[in-house]
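Colleague: Below is a structure I'd like to ask you about.
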Amino acid sequence: MADDDIEIGEDLQIDVVVDENNVVIGAISDDLVVASGPDGSVVDETIDVLDADGNLLLEDEKISVYDADADLIAQSETVVLPLEE
1057 MADDDIEIGE DLQIDVVVDE NNVVIGAISD DLVVASGPDG SVVDETIDVL
1107 DADGNLLLED EKISVYDADA DLIAQSETVV LPLEE
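Counting in this note's numbering, the sequence shown runs from 1057 upward without gaps.
In structure tokens form, the structure reads like this:
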């Protein structure tokens, strides 16, 4: 990596949730994006909880900023609960 390059990586994990009869009742996705450069890194993690029809039940997003020494310098978390119409 050159001194001023920024590297970006992403990891997506999806887990299907089933009931005692092995019927799908929902899913949980965990999307992690990391951007790293010479001055530090930014980590954006989004966790979504979906019902069996794919409707969003909850979203939790956490953004963390680290300096070049991997010390946490800022963090923000947002939780979204969609309202039914």
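All residues carry an ideal CB built from backbone N, CA and C; glycine is no exception. Quick caveat, the model's predicted, so the values are computed rather than measured.
Pick helix, strand or coil for I1081, following the three-state DSSP scheme.
Modeller: Counted from its first residue, the sequence shown places residue 1081 at position 25. Looking at I1081 - three-state DSSP - the assignment turns out to be strand.
Colleague: What are the partner residues of G1093, as DSSP defines its beta bridges?
Modeller: The residue you call residue 1093 lines up with position 37 of the sequence shown. DSSP output for G1093 lists G1096 as bridge partner(s).
Colleague: How would you call L1137, buried or exposed, if buried means at least 16 neighbouring beta carbons within 10 angstroms?
Modeller: One-based indexing of the sequence shown puts residue 1137 at position 81. That one is exposed.
Colleague: Which residue marks the beginning of the beta strand (DSSP E) containing I1064, and which one marks its end?
Modeller: For the purposes of this step, residue 1064 is taken as residue 8 along the sequence shown, with counting starting at 1. Looking at the DSSP string, the run of the beta strand (DSSP E) that includes I1064 is 1063-1074.
Colleague: Would you call the segment 1081-1098 in contact with the segment 1112-1127, where contact means no fewer than 3 C-beta pairs closer than 8 Å?
Modeller: The segment 1081-1098 vs the segment 1112-1127: in contact.
Colleague: What's the call for L1113, buried or exposed, on a 16-neighbour Cβ count within 10 Å?
Modeller: Along the sequence shown, read from residue 1 onward, the residue named residue 1113 stands at position 57. Answer is exposed; the Cβ neighbour count stays below 16.
Colleague: Counting C-beta neighbours from all protein chains within 10 Å, is the total for L1106 16 or more, i.e. buried, or is it exposed?
Modeller: Start at 1 with the first residue of the sequence shown, and residue 1106 comes out as number 50. Counting Cβ neighbours within 10 Å, L1106 comes out buried, since at least 16 surround it.
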